[in-house]
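Visitor: Residue numbers (our numbering), protein chains in the order written: chain A, 1 to 363; chain B, 364 to 726; chain C, 727 to 1031. We treat Cβ as the ideally placed atom computed from N, Cα and C, and that holds for glycine. None of these values were measured; they are calculated from a predicted model. Okay, handing you the structure first.
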Amino acid sequence: MRKTLLAAAAAFLLAGSISAGISTSAWAADKLKVGFIYLGPVGDLGWTYQHELARQALVKEFGDKVETTYLENVPEGPDAERAIEQLVRAGNKLIFTTSFGYMDPTLKVAKKYPDVHFEHCSGYKRDANMATYSSRWYQGRYIQGQIAAKMSKSGVLGYIGSFPIPEVVSGINATMLGAQSINPNIKVKIIWANSWFDPGKEADSAKALLDQGADVIMQHTDSPAAMQIASERGKVAFGQDSEMIKFGPKSQLTSIMDTWAPYYISRVKAQLDGTWKSEDTWGGLETKMFQMAPYTNMPDDVKKMAEDTEAAITAGKLQPFKCPVVDQDGKEVECKGGDHLGDGQVLGMNFYVKGIDDKMPGK
Amino acid sequence: MQFVLEKRTERSNTIALVSPLIAIGLTIVTMSILFAILGKNPVAALGVYFIDPLTDSYSLQEIAVKATPLVMIAVGLSLCYLANAWNIGAEGQFLIGAVAGSWIAVKTQGTDAGYWVLPAMLAAGAAAGALYALIPAICKTRFGASEILTSLMLVYVADLFLDYLVRGPWRDPAGFNFPTTAEFDPVATVPVLIAGGRLHLGAIIALIVVAAASVLLGRTIKGFEIRVVGAAPRAARFGGFNSDQLILLTFAISGALAGLAGIIEVAGPVGHLQPGISPGYGFTAIIVAFLGRLNPIGILIAGLFLALTFIGGEQAQIAMKIPLDVTKVFQGLLLFYVLACDSLILYRFRLIFASRQVSRGTG
Amino acid sequence: MELAEAIILSVLAASTPLLIAATGELVTERSGVLNLGVEGMMIVGAACGFGGAWLSGSIIVGAVCGIVAGTLLSLIFAMMTLGLAVNQVASGLALTILGIGLSGLIGAGFVGERITPAAHLHIPGLTDIPLVGRILFGEDAFVYLSLALVVGVWWFLYKTRAGLILRACGDNHTSAHALGYPVLRIRMYAVMFGGACAGLAGAYLPLAYTPFFIPGMTAGRGWIALALTVFASWRPGRLVIGAYLFGAVTILQLHAQGAGIGIPSQFMSSLPYLATVIVLVALSRARTGGSTAPAALGTVFVPDR
């Protein structure tokens, strides 16, 4: 009896392998296959969620012409290279890897498969078939700094950081420069959560900042927890990555929303037309790489100011890192971009500007 | 009617071989139901999980790459568990080993250091892992502090220490301040075995570790001591075995193996030190150790099998759009079934009716 | 003073899920069963708790859903370790993996939704007492419930016959069995209680702490609860101290950062863990005669008839 059972199980397995073989080979049509590697779960409400929305926009735009696949929750360690290569082997010809930690794995796989195109988000290494793209979020942070300075009664801003990487540090600096343009004596308190994503800890950090006298909360972590706390305490806050007004209808001032869809659509279009080239795209408000959520919960004059600043930055008339930029020790930073800091200086920023009396971690 | 377990007087070898097959059969049935509920073709889905990864050399290599650290760590842990020493902090020992080995790689970077670099790195990784594992072991033998807790706590400390190093002192000077060391030099890299693939020397080291552990447990007095202390501590005391010494020894061995696995992973598939080098290897290895019934050969098989489900899970996401969460449920169920069926080896099941007992032979 | 009050309020809230989950695990372990699957039961409790509250609009329904979910999951564990005598460490880890997967599947339908969090108490007169009023009478009900739970467990373990029997099962299952107690059934109840508490602790996060569900939102709190049980050397009183101490160190390191105390944040973050190790060593050292762990903890028991 047991033997027959086993034989049945073996036959079942075998049948499985045959039909699976058929179904995967039947897949290979002449659609363009586009693959995505995600850091978090698609439902994280933040970073990965916004990439996922852009993927869905892609499907809507191109319909039958593309077939998309994603791998979610891919850790930035030894598994990343395999995950990317699996997408290549499944026939994907254009692959978006959406976190900084995928840089070296993407490069390794790109060298191995020269006829596949790769797009890496937020890194700095490129190759003939590997492009990079990122967003000038610091532009939005400058606007937020101005709004915060107008809205704060205590003159103290609370900032929840994830990790002290240049993207986050340049965001803090842009915020401060924006705020100082309104109130030269503005103060900022910074708490590093040492995590992109831990709702409980983000909530605790927000509480600690509010308890210490901050009355505007800004965050560079991914969940809506801080917004929620601000809302509970009747304070104001800025969202991150996505629209978070649902979590603070009376609190959200605005939010920096990642809107990758236009970029993804243009790159897929280029791939379909055969015009894809490896480029470094660092877009900002002017290319709608990110957008500001509607300005809410603020007086009309503040809203007007924010809109004016947004328009000025979009038109290239206002540079958040306009020279001279002075670091926290009072030294003037070398100006490598003409009348403002060069892109390389912002991409590798590891100093605080004057007015931040905190010490940068790791310095 | 009552259901009871009864200890077998002798181990049934037939059952030992058949039980994993029953477990797989049960998993197949359960998952078929789950796939059907999710609207996926169960036969095709199971084929993608179990069979597809075994059909091409790329996937086979990747299975070996994924299994290498799991097997190395699990073999060390099995020695601890056999001796009744509960090291659940292998994750931390893995990280510290990676850090110590990377220290040599970072310090010799760009110099004309010769071929001694890699062996020195491996030695440093193993030594540091062993020392780090000795902390909970000494806390246990000297102060009686629970090693389960202290070894677990030290995981978080190691994680944060690594984080500090790559965001501060060891940061790649040319890396725009991103949290990673520079790519290791070729002399500091574990060589790959097959050009173009990722299978590396570590796989062979893992096989040597399995063989050595088999000899240690099966053929030496020390191995006998380990098994006696675990199985019959009172008898061991009468036999004059020093259980404290064995705790220190097994912790040191398992720490050394975890540390070695750590530096091999960093100097091999990853190529530099960065946060997140371990997707939970240290914890997954605990499961591998038990799935392998704390036997080196069994661990080798269990490690390869668990690696198969990881690779299969990715291919299922790509080929059939099966969410990663389903793979987690699948792995959890599989582990439960395998563990449950394994208890058939030690026990036989009996149904007892209230009035009379029905005894039936099992074969 | 106001800052101190605010810090204490934050600590109370941050410690509550740890305390609830650890109390459940304490009872489980006191009966001799080590269930490492707390994290898995918590995250499923969070998903089901949020789902229940979102669908029904009631926090209480949500809490009940969390409790039921945690209990059901713990029953799988009980079936494995008690029914089939499977190794408890491995089963607990498997339970965690299963729980993380299940929570993702269950929670997928609720991502992006939010609910009104559990209200903070307001008892006229009492809550308005300066300094202590908000701490003693102004948090959400779960905070006080968790303390009542600990008191209840203490009373049960030390003041009732049933508690004595449960501890006997954990210390020497063979003797307990010889005396005619149904060891496996008692352990099953203890495991279910642990599951119920873990489910409630998980549900606390989306119901009162951050009123939305996100996969992985427990972020390792189940593991900390496990550590606390050992830290407390399996005593309810010490559990309260441990949970609040852990909460306090976590919150204080955030406050130290906000105040601009320039210690690398990684060192600050590792403080709670280092503190646990040191306190544990100190406690174990002060005690003569070794650890106070339930002697039969983690060992398999198969009654022979």
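Note down, in chain order, every chain B residue with its Cβ under 7 angstroms from the Cβ of Gln86(A).
Guide: Near Gln86(A) (Cβ distances below 7 angstroms), the residues of chain B are Glu677, Gln678 and Ile681.
Visitor: Kindly indicate which residue of Gly43(A), Leu32(A), Glu52(A) and Ile217(A) has the alpha-carbon position closest to the one of Gly63(A).
Guide: Cα-wise, what sits closest to Gly63(A) is Leu32(A).
Visitor: On the three-state DSSP scale, how would you describe Trp260(A)?
Guide: Trp260(A): coil per DSSP, three-state reduction.
Visitor: Can you pull out the residues from the region 833 to 851 of chain C whose beta carbon lies closer than 8 angstroms to at least one beta carbon of chain A?
Guide: Listed by position, the residues of the region 833 to 851 of chain C near chain A (Cβ gap below 8 angstroms) are Gly833, Ala834, Val837, Gly838, Arg840 and Pro843.
Visitor: Taking DSSP's pairing of strands, which residues face Phe118(A) in a bridge?
Guide: DSSP, once it has assigned bridges, lists Ile95(A) and Met130(A) as partnering Phe118(A).
Visitor: Near Ala804(C), what residues of its chain come up, given a Cβ to Cβ distance below 6 angstroms and the 5 sequence neighbours on each side ignored?
Guide: These residues qualify, in order along the chain: Met914 and Val917.
Visitor: Counting Cβ pairs closer than 8 angstroms, one from the region 135 to 152 of chain A and one from the region 502 to 512 of chain B, do we hit at least three?
Guide: Contact fails: fewer than three Cβ-Cβ distances are below 8 angstroms.
Visitor: Mind listing the chain B neighbours of Glu81(A)? Cutoff is C-beta to C-beta under 9 angstroms, in chain order.
Guide: The contacting residues are Arg561, Pro632 and Val633.
Visitor: If we ignore side chains and look at the alpha-carbon of each, how far apart do Glu332(A) and Pro324(A) end up?
Guide: Glu332(A) and Pro324(A): Cα-Cα distance of roughly 7 angstroms.
Visitor: Decide if Met1(A) is buried, meaning its Cβ has at least 16 other Cβ atoms within 10 Å, or exposed.
Guide: Because the pLDDT of Met1(A) is 37, which lies under 50, any placement of that residue in the model is unreliable, and the number read from its coordinates should be weighed accordingly. Its Cβ having fewer than 16 others within 10 Å, Met1(A) is exposed.
Visitor: According to DSSP, is Glu332(A) helix, strand or coil?
Guide: In the structure shown, Glu332(A) sits in a strand (DSSP, three-state: E or B).
Visitor: Quick check: is the beta carbon of Pro164(A) nearer than 8 angstroms to any beta carbon in chain B?
Guide: It does: the Cβ of Pro164(A) has a partner Cβ on chain B nearer than 8 angstroms.
Visitor: If distances are taken between C-alpha atoms only, which option among Gly155(A), Pro166(A), Thr175(A) and Gln56(A) comes closest to Lys187(A)?
Guide: Of the candidates Gly155(A), Pro166(A), Thr175(A) and Gln56(A), the one whose C-alpha sits nearest the C-alpha of Lys187(A) is Gly155(A).
Visitor: Would you call the region 430 to 448 of chain B and the region 581 to 592 of chain B touching, i.e. three or more CB-CB distances under 8 angstroms?
Guide: Result yes; three or more Cβ-Cβ pairs closer than 8 angstroms.
Visitor: Compare the C-beta of Leu744(C) against all C-beta atoms of chain B and say whether one is closer than 8 angstroms.
Guide: Closer than 8 angstroms: no.
Visitor: Below 8 angstroms on C-beta distance, what does Gly274(A) contact in chain B?
Guide: Near Gly274(A) there are no residues of chain B at all, since even the closest Cβ is about 25 angstroms away, more than 8 angstroms.
Visitor: Nearest CA to the CA of Ile356(A): which residue from Asn185(A), Phe118(A) and Ala110(A)?
Guide: When each option's Cα is compared against that of Ile356(A), the closest is Asn185(A).
Visitor: Secondary structure at Leu623(B), three-state DSSP: helix, strand or coil?
Guide: Leu623(B): helix per DSSP, three-state reduction.
Visitor: For the region 113 to 126 of chain A, list every residue whose C-beta sits within 7 angstroms of some C-beta in chain B, in sequence order.
Guide: Listed in sequence order: Tyr124.
Visitor: Can you give the Cα-Cα distance for Asn605(B) and Lys691(B), rounded to whole angstroms?
Guide: Distance between the alpha carbons of Asn605(B) and Lys691(B): 41 angstroms.
Visitor: Report the residues of the region 181 to 203 of chain A with a CB closer than 9 angstroms to any CB of chain C, ordered along the chain.
Guide: Per Cβ criterion, the list reads Lys189, Ile190, Ile191, Trp192, Ala193, Asn194, Ser195, Phe197, Asp198, Pro199, Gly200, Lys201, Glu202 and Ala203.
Visitor: Please state if the CB of Ala493(B) and the CB of Gly618(B) are separated by a distance shorter than 8 angstroms.
Guide: Cβ atoms of Gly618(B) and Ala493(B): closer than 8 angstroms.
Visitor: Would you report the Cα separation of Asn73(A) and Ile567(B), rounded to the nearest angstrom?
Guide: For Asn73(A) and Ile567(B), the distance between alpha carbons rounds to 30 angstroms.
Visitor: Return yes when the Cβ of Leu883(C) is within less than 8 angstroms of the Cβ of Arg756(C), no when it is not.
Guide: Against a cut-off of 8 angstroms, the Cβ pair of Leu883(C) and Arg756(C) comes out as a contact.
Visitor: Please list, in chain order, the residues of the region 237 to 254 of chain A that have any C-beta partner in chain B closer than 7 angstroms.
Guide: The region 237 to 254 of chain A vs chain B, Cβ under 7 angstroms: nothing.
Visitor: When the Cα atoms are used, what is the spatial distance from Ile172(A) to Arg141(A)?
Guide: Looking at the two C-alpha atoms, the distance is approximately 8 angstroms.
Visitor: With a threshold of 6 angstroms on Cβ separation, who are the neighbours of Pro554(B) within its own chain once the five nearest residues in sequence on each side are excluded?
Guide: Taken in chain order, the residues that qualify are Leu564.
Visitor: Regarding Arg1011(C) and the ligand COA, is the C-beta to nearest heavy atom distance less than 7 angstroms?
Guide: As for the ligand COA, it is missing from this structure, which has no ligand bound.
Visitor: Given that a residue counts as buried once 16 or more other Cβ atoms are within 10 Å of its Cβ, and exposed if not, what is Leu380(B)?
Guide: That one is exposed.
Visitor: The alpha helix (DSSP H) with Met292(A) in it runs from where to where?
Guide: Met292(A) -> not in any alpha helix (DSSP H); beta strand (DSSP E) instead, spanning Phe290 to Met292.
Visitor: Taking Cβ to Cβ, would you say Leu580(B) is nearer than 8 angstroms to Arg590(B)?
Guide: A contact, by the Cβ cut-off of 8 angstroms.
Visitor: Looking at the C-beta of Glu628(B), does it have a partner C-beta in chain A at a distance below 8 angstroms?
Guide: Chain A contact via Cβ: present.
Visitor: Where does the unbroken alpha helix (DSSP H) through Leu528(B) begin, and where does it stop?
Guide: Note, Leu528(B): alpha helix (DSSP H), Glu510 to Arg530.
Visitor: I'd like to confirm the pairing. Which residues does DSSP put opposite Phe919(C) in its beta bridges?
Guide: Beta-bridge pairing links Phe919(C) to no other residue.
Visitor: May I ask you to verify whether the region 416 to 435 of chain B touches the region 463 to 474 of chain B, counting CB pairs closer than 8 angstroms and requiring at least 3?
Guide: Short answer: they don't touch.
Visitor: Quick one: is Val66(A) buried, meaning 16 or more other Cβ sit within 10 Å of its Cβ, or exposed?
Guide: Val66(A) is buried by the Cβ-count criterion.
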